[in-house]
Structure formats: structure tokens, C-alpha cells
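One line per chain: the protein sequences are W and B, in this order.
FYI, in our numbering the residues of the first sequence are 1 to 165.
FYI, in our numbering the residues of the second sequence are 1001 to 1518.
Every residue, glycine too, gets a C-beta built ideally from N, C-alpha and C.
Everything below concerns the one structure shown next.
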Amino acid sequence: MKETGTRLRPPRNQFDRRTLPWWRVQLLIATAVPVIPLAVLGALIAPARPWLLGPAIVIAVVGLAAAVAMPIWWHRVHRWEVTDTAVYSLTGYFWRTWRIAPMSRIQTVDTTRGPLQSAFGLSTVVVTTASSAGAVKLEGLDHEQAAALAERLTEITDATPGDAT
Amino acid sequence: MTDAEPADEGPAPEPTEAETPWRRLHRDTLKMTALFMAGFAALTAVPAATGIASGTSWPIALAFVVPGAAVVIAAVVVPDAIRLKVTHYRVTGTRVEMITGVVFKRRRSLARERIRSVDLSANPLHRLFGLVKVKVGTGESGSGSGATSEQTLTLDSVDRAEADRLRAELLRRAGVEADSDAEQRLATWRLGWLKYAPLSFLTPLLAGAVIGAVFQVADWFGRGGLPVEIVADLVERYGPWRVLLLGLVAVVLVGVIGSLAFQAEAWWGHRLDREPGGTLRVRRGLLVNRSLSLEEERIRGVEVVEPLGVRSAGAARLDVVAIGLKTDQKNADLTTLVPAAPRPVISAAADAVIGPTETELIAHPKAARTRRLRWAAVAVLVLAAIVAAVHLLWSIPGFWSAVVVLAAVLAGAWAVWTALDSYASLGHGLNRGYMVARSGSVRRSTVHLDRSGIIGWRIKQSVFQRRMGLMTLDATTAAGRGHYAAIDGDEHEILDFADETVPELLRPFLVGDEPGGE
């Protein structure tokens, strides 16, 4: 076995800073879904109040803490890059995943924008290949940047002959 | 066809390629359906009639059952007659087309150049009338936005001569001369290979299914507890040990017979041929004749699969990694080129399909073994905790205590053995442009994946792997399962390996010895 120190360098680009509030709102919504019913019930049903408000407070505190801290961390961890030959992304911290899809094998380029995303001017670009496991998802690009990227990728893939399998 | 999704909907055929006449499915298909339904009706009507007659009288029973059976038969036969009447197909110079449907006219059209497989099958009823079901597949399976659009066209049924004509015509490639040479036999099934069938996981599964079926049937007759009563009775008469032993023997015997029957039905008379024009053809089946023709252009590699039982007998199975053949559990044996057979036969067949496959594999770092042993240790701890909990919570008699401890010890030993064995399986290598990766213990698999079929990398490293310097390299491909992994390689060496396997793809993202930005 060769003794080399070869390693992957992280992709160059971070996602748009607006992903921070976007992630935060998502986390807050996820927190609110259990907390609000618990709080309302707790207000209405006096005998069970400690049993309902207790968990509500715990979930709310954890959720708020996560909403403040997690996005900052995610923003640092998740990265992406598009070169002339490939799309490259890194996601996750505990389970890091690097995905590389070569330009010549890209089949479709989808740009999607959820209601929450568009409120923050963000878009998601999904690059798929002919493999069911090969998709690279770039979540949280500025939507103009995403449109330009999708256009560029589509141009490059259109110029590639063959059926990319 | 109701199972076909509309690929191309439109009105009646346009007269552009009018020179090719439209053909109809074979008339006898209707007789086949009628016969099948008559058999089905008879099978259900007789018990039903007996049941009703026992409560009332035979005339009343017949008055109910006969019209009922007639309605059931008509409900299937009439639509089928209409389907046969309205279904037309033709093969033009560039396309295969099929029109079907009454209210919703459906037209499906496949480009001939996209056709990758032609699948013929004939169950005993088909064979009685000399018919064959033809399935034409294009191997289109996009993954864009989760929309899979695998396109197939099924002709149910045409006669044998027509099926062979379609198969030959649809897979004939422009520019490939069909007369180059005759078929080349790559593997031929032997009766002796059946001996591996009982070693498969089908054996315990079938035994379990039979036991389940016994209870089910007893339940139908309203005597769900009967089997238990019989067993209790036997235990009383002959003692528990003898019954347990005999029961085990009986269950194993049932499983063995069942798996032998399954394997024989599926693989009887199996032949793997290379046909002129670059297609592989697998023919097999005792009752249901099956023939799968697969264009070699779509083959991206092979997978040598060694389930534990089969491996212990020095045998293996050869699967193909091809585009347009899904490896879902339901039709898993569609991808199998050669069933369980001695290792040398499998190696020879693999060599015949993709060229020499003998590869020196690079072993994975010792840390991978440590990682597996740690999982085993966790399993052992959990088992120990369970045993302790059982003993603390309930005061159990000595016999059961011994059983619980013994089971836990065996399970623990099994966990440790699997850890060591699965580490021994790990390996990867490069052989004439094929990425070779081996892994697994219960189902050891060695994949040989054509590097031109690798359409991306997915590299994973968990926190635990990072601390041990390990990394999993997953090659994504359009063929077979969609991705094939070299698990737990050395985190630096595996990247060099990926770089060597598909040059230029990973290079821009690699850095050398200097510590790259964390």
C-alpha cells in the first residue's frame, strides 16, 4: 500500500448567508408544531398543567437553542462547488458525505423554490445523473445565482453527446 | 394493457408509416384466459358448493354457485376479449408501437435503438397453446425529481414463432452482421447444482411458510388451535425431546424439498449464451419457460454473490450489473446469469462475460476490523444486559435459564465471527478498467464494475470512521443497484484508488500531503 496523505479538499463555496434565517424559520416551525398544542392544552386543562407545560417548555428551549446555534454550524459545514468538469458538494458533520457528479454524466438540472425559500430569495438546484444514488443537491443558493448556475449546467450538458450512462 | 403507463398518448394511428401493417395478439390468448378462469372458478366453486350444500341442499347450492362462477369467468374473459380485439402492435424501421384501450386509447411507442432487453416467458398454460408473453424493455430509468419512467411494452401473448422473430428483430443492431458466427455457450446448468439450493436462505423461509400455512388452513376451518392441540397430544404421548427432534427434522425436510422444487422450477435447463450481434441470452425454467435477452452494450459489470450457506459449499452465483435491469427483491433472479454453482464455473462464466476477472484485492486497514469487533462488542453487551434483565426480573426455572444463556452465548459468538468474517471479505482493486470491490459476510458480494459505467462518486465518512482513518467509497452508476461501495478503506489510499479508477474526475478536489483546510 502506498503511504500517501491524499485527502479531499472542501468545496470552495459556502451557501448564501440567507440560508441562516431560512434554516432558523424551519427549525422554529418544527419546534412550534408540538409546543403550541401542548401550551394551549396546558392553558385549558388545569389538572394536567405541569404534565403539558413541562414538556412544552423543554421542547421550546431545545428548539430555540437549536434554531440559534445549528444554522451557524451548518452554514460552516455545508459547501459546494461547480467546476468545468464536475459538481462537488459536502454535507453533514457526523456523517460527512462528499458527492461528485461529472459534468458529462449530468442528465437533468432542476431548480426548485419552496414558499419559505422564496421568502428568503433562495433556490435549490438538484443535479441528477442516470444513477438513482448520484443526485447532488445544492440547497440554499441565491435564486439569481441558482438560475444562472442551472442555465450554465444545462448548456454544458446539452453540449455533451451520448445518453450519459 | 392496464399495467402500462401512458408513454405516448394519442388518437388512432396516423398514416405516416402506413407500409408496416398492424398486427394483433394471438387469438388463442382468449382460450388461455378462459381455461385459466374456468380452472380458478372450479377450484373455488367446488368447496363453496359443498359448503352451501351441507347447509341446504345441492340444487340450491348449484343455483348460487353456477351463475356466480359464470359471472366471475365472464368478468375476466370479456374484458380480455375486448383487449385482444383493440390491441395492435407493429415494428417499423425505427419504432415499436402498440395501441390499446377502448375508452382511453393508449399508444405506446418505443424507439428501437433504445431497446435493451427482450424478455420472453411462457407458463404451462401458454405452452399448452404454444404462446409466449413478450416484454420489451428500454432500460430508461431516469432519477430526475424522483420520477422513474422505466418504459416497457408487454405483448400478452403472441405465438412462439412470432416471439422469436420479434426477439431477433428487436435486438438486431444496425451495422452488426448477424451471420458472423453462431451462438456461443457460456454456461450450462447441471442437475448437480441443485444440491446448493437447500443451502440458500429459502430453506428456513419455506419451512416457516409451511408452518404458517398449516395454521392458516386450520383457521379457515375454524380450528385455529388444532395444530397446537395435536402437538401437545404428541408431546404427552412420546415426550418433549423426541417430538422436538422429529419436528425439527420434519421442518428441515420440508424446507429442503421446497427449496429444491423452487430452484428446479426456476433454473431447470438453464443456458447462458452469447448470441451474434452482441446479446446475452439466459434461458431457463421447468414449468414457466423464461428467456431473457440482454444487450451487452448495457452491461456495466458482473457481481459474484456468495450467500453464507452457498459459500460454505464452495459455490457462488453470478449476477449481471446492467442498465435497465432493476435489482428489486421481487424479480431479483432476473439479474442472475448463472445460479448457485461451483466457484470455478462461476469464475469461468464471469470471465466469458466481461473478460478476465482474477484480481488481487487490497485488504482494508486493521481499523476496519476493530470497527466491526466494536459492533460485535456492543451486540454482546446488549445480549448480556438482556440475559441479566431476564434473570433479575423473573425467577425462571433452571432449564429456561440455561436455554436463555446458551442462546445469548451462541448469538454473541455469531456476532464476533461475523465481525471477523466480514472484515476478511473487505477488499478492493482495479482490474483492466474494472473496479472490483468485495464486502459482506452473510451475503458476500464481489462486484466488478466497468469504470466507464461509473458516473460519479459518493464518499462517506462518519465521525467514527474519521477517528479510525477509514472512508467508504461509493461508485454511482446507472446500472444494477445504482451504487456499489468499497466499504471502510484507508482514508488516503481509497482516494488514490478512486482517482486511479476514474482519472480526472476526483483529481481537482484532491490535495496532497499538506493538511487540507478542515
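For Ala101 (chain W), the three-state DSSP class (helix, strand or coil): Here residue 101 (chain W) refers to the residue found at position 101 of the first sequence. The answer is strand: DSSP assigns Ala101 (chain W) an E or B state.
Does Thr1152 (chain B) get closer than 8 Å to chain W when you measure Cβ to Cβ? Your numbering for residue 1152 (chain B) matches position 152 in the second sequence. False, the Cβ-Cβ gap to chain W never drops below 8 Å.
Give a yes or no on whether 8 Å exceeds the smallest Cβ distance from Leu1155 (chain B) to chain W. To locate residue 1155 (chain B), count along the second sequence from 1; it is residue 155. Cβ-Cβ to chain W under 8 Å: no for Leu1155 (chain B).
Output yes if chain W places a C-beta closer than 8 Å to the C-beta of Val1078 (chain B); else output no. Numbered from 1 along the second sequence, position 78 holds the residue referred to as residue 1078 (chain B). For Val1078 (chain B), the answer is no, since every Cβ of chain W falls outside 8 Å of its Cβ.
Would you tell me roughly how many angstroms separate the C-alpha atoms of Asp1351 (chain B) and Leu1030 (chain B), rounded to the nearest one? As a first step, residue 1351 (chain B) is located in the second sequence; it is residue number 351 there, counting from the start. As a first step, residue 1030 (chain B) is located in the second sequence; it is residue number 30 there, counting from the start. Approximately 45 Å, taken between the alpha carbons.
Under 7 Å Cβ to Cβ from Lys137 (chain W), same chain only, skipping five residues before and after it: list those, please. The count along the first sequence starts at 1 and reaches residue 137 (chain W) at position 137. Cβ neighbours of Lys137 (chain W) beyond the five flanking positions: Thr124 and Val126.
Closest to Ala1385 (chain B) by CA distance: which of B:Thr1370, B:Val1405 and B:Ile1211 is it? Indexing the second sequence from 1 puts residue 1385 (chain B) at position 385. Comparing Cα positions, the closest option is B:Val1405.
Determine whether the Cβ of Arg7 (chain W) lies closer than 8 Å to any Cβ atom of chain B. Position 7 of the first sequence, counted from the first residue, corresponds to residue 7 (chain W). By this cut-off, Arg7 (chain W) is an interface position.
Cβ closer than 7 Å: which chain W residues qualify as neighbours of Gln1461 (chain B)? Within the second sequence, numbered from 1, the residue matching residue 1461 (chain B) stands at position 461. Simply Arg96.
What are the residues of the segment 1355-1388 of chain B that lie near chain W, defined by any Cβ-Cβ distance shorter than 9 Å? Ile1362, Ala1363 and Pro1365
Residues of chain B with a CB under 7 Å from the CB of Ala101 (chain W): which are they? The residue given as residue 101 (chain W) occupies position 101 in the first sequence. Per Cβ cutoff of 7 Å: Gly1456.
Does DSSP put Ser1145 (chain B) in a helix, in a strand, or in coil? By 1-based counting over the second sequence, the position of residue 1145 (chain B) is 145. Note that Ser1145 (chain B) has pLDDT 30, beneath the 50 cutoff, so the model's placement of it is unreliable and the number below is only indicative. The answer is helix: DSSP assigns Ser1145 (chain B) an H, G or I state.
Sequence-distant residues of the same chain with beta carbon closer than 7 Å to Ala1049 (chain B), five excluded per side: The residue labelled residue 1049 (chain B) in the question sits at position 49 within the second sequence. These residues qualify, in order along the chain: Ala1061, Leu1062 and Val1065.
Which of helix, strand or coil does DSSP assign to His1088 (chain B)? Here residue 1088 (chain B) is taken as the residue at index 88 of the second sequence, counted from 1. Residue state, collapsed to three classes: strand.
Secondary structure at Pro1307 (chain B), three-state DSSP: helix, strand or coil? On the second sequence, position 307 is the one that residue 1307 (chain B) refers to. In this structure, Pro1307 (chain B) counts as strand in the three-state DSSP scheme.
What does a CB cutoff of less than 7 Å around Ala1437 (chain B) pick up in its chain, not counting 5 residues either side in sequence? Looking up residue 1437 (chain B) in the second sequence gives position 437. Closer than 7 Å at Cβ, skipping near neighbours: His1428, Val1447, Tyr1484, Ala1485 and Ala1486.
Would you say the beta carbon of Leu1186 (chain B) is closer than 7 Å to some non-hydrogen atom of the ligand SAH? Summarising the ligand content, the structure contains no ligands, and the ligand SAH is consequently not present.
Among W:Arg24, W:Ala86, W:Trp80 and W:Arg99, which one has its Cα closest to the Cα of Thr1472 (chain B)? Numbered from 1 along the second sequence, position 472 holds the residue referred to as residue 1472 (chain B). The shortest Cα separation from Thr1472 (chain B) among W:Arg24, W:Ala86, W:Trp80 and W:Arg99 belongs to W:Arg99.
Among the residues of its own chain, which have a CB less than 8 Å from the CB of Ala1478 (chain B), if the five just before and after it don't count? For the purposes of this step, residue 1478 (chain B) is taken as residue 478 along the second sequence, with counting starting at 1. Cβ within range, chain order: Ser1141, Arg1300, Ile1323, Gly1453 and Ile1455.
If the cut is a Cβ gap below 9 Å, which residues of chain B does Ala133 (chain W) touch? Start at 1 with the first residue of the first sequence, and residue 133 (chain W) comes out as number 133. The contacting residues are Ser1143, Gly1456, Arg1458, Asp1474, Thr1476, Thr1477, Arg1481, Gly1482 and His1483.
Identify every residue that forms a DSSP beta bridge with Gly1427 (chain B). Your numbering for residue 1427 (chain B) matches position 427 in the second sequence. Bridge partners of Gly1427 (chain B): B:Arg1438.
Mind checking Tyr88 (chain W): buried by the 16 CB within 10 Å criterion, or exposed? Looking up residue 88 (chain W) in the first sequence gives position 88. Under this definition Tyr88 (chain W) is a buried residue.
In the DSSP assignment, the alpha helix (DSSP H) including Gly54 (chain W) goes from what residue to what residue? Walking along the first sequence from the start, residue 54 (chain W) turns up at place 54. That run of the alpha helix (DSSP H) goes Arg49 to Val77.
From the DSSP output, which residues share a beta bridge with Asn1289 (chain B)? As a position in the second sequence, residue 1289 (chain B) is number 289, starting the count at 1. According to DSSP, Asn1289 (chain B) bridges with B:Ala1122.
Quick one: give me the first and last residue of the beta strand (DSSP E) that Ala1341 (chain B) is part of. The residue given as residue 1341 (chain B) occupies position 341 in the second sequence. Here the beta strand (DSSP E) through Ala1341 (chain B) covers Thr1336 to Pro1342.
Of all Cβ atoms in chain W, is any one closer than 8 Å to the Cβ of Leu1506 (chain B)? Here residue 1506 (chain B) corresponds to residue number 506 of the second sequence, with the count starting at 1. So yes, Leu1506 (chain B) belongs to the interface.
Which full runs of the beta strand (DSSP E) of 3+ residues lie inside the segment 1163-1227 of chain B, going along the chain? 1184-1188
Using a Cβ-Cβ cut-off of less than 8 Å, list which residues of the segment 105-129 of chain W approach chain B; keep chain order. Arg105, Gln107, Thr108, Asp110, Val126, Thr128 and Thr129
Kindly give me the distance between the Cβ atoms of Ala67 (chain W) and Leu27 (chain W), rounded to whole angstroms, as I take these residues to be in contact under 8 Å. Numbered from 1 along the first sequence, position 67 holds the residue referred to as residue 67 (chain W). Numbered from 1 along the first sequence, position 27 holds the residue referred to as residue 27 (chain W). Right, the Cβ-Cβ distance comes to about 4 Å (below 8 Å), so this counts as a contact.
In this structure, does DSSP put Val946 (chain B) in helix, strand or coil? Outside the shown range of chain B (1001 to 1518) lies residue 946 (chain B), about which nothing can therefore be said.
Based on the DSSP output, what are the partners of Glu1097 (chain B) in its beta bridges? Locating residue 1097 (chain B) in the second sequence gives position 97, counting from the first residue. Partner(s): B:Arg1090 and B:Ser1109.
Compare the Cα-Cα distances from Val1380 (chain B) to each of B:Thr1418, B:Ala1411, B:Pro1198 and B:Glu1358 and report the closest residue. Indexing the second sequence from 1 puts residue 1380 (chain B) at position 380. Comparing Cα positions, the closest option is B:Ala1411.
Check the Cβ-Cβ distances between Phe1399 (chain B) and every residue of chain W, and say whether any is below 8 Å. Here the question's residue 1399 (chain B) lines up with position 399 in the second sequence. It does not; no Cβ of chain W falls within 8 Å.
Does any CB atom of chain C fall closer than 8 Å to the CB of Ala56 (chain W)? This model lacks chain C altogether; the protein chains it does include are W and B.
Secondary structure at Leu1505 (chain B), three-state DSSP: helix, strand or coil? For the purposes of this step, residue 1505 (chain B) is taken as residue 505 along the second sequence, with counting starting at 1. Correct three-state label for Leu1505 (chain B): coil.
Could you tell me which chain B residues have their CB closer than 8 Å to the CB of Ala66 (chain W), listed as they occur along the chain? By one-based count along the first sequence, residue 66 (chain W) stands at place 66. In chain order: nothing, as chain B lies at least about 19 Å away.
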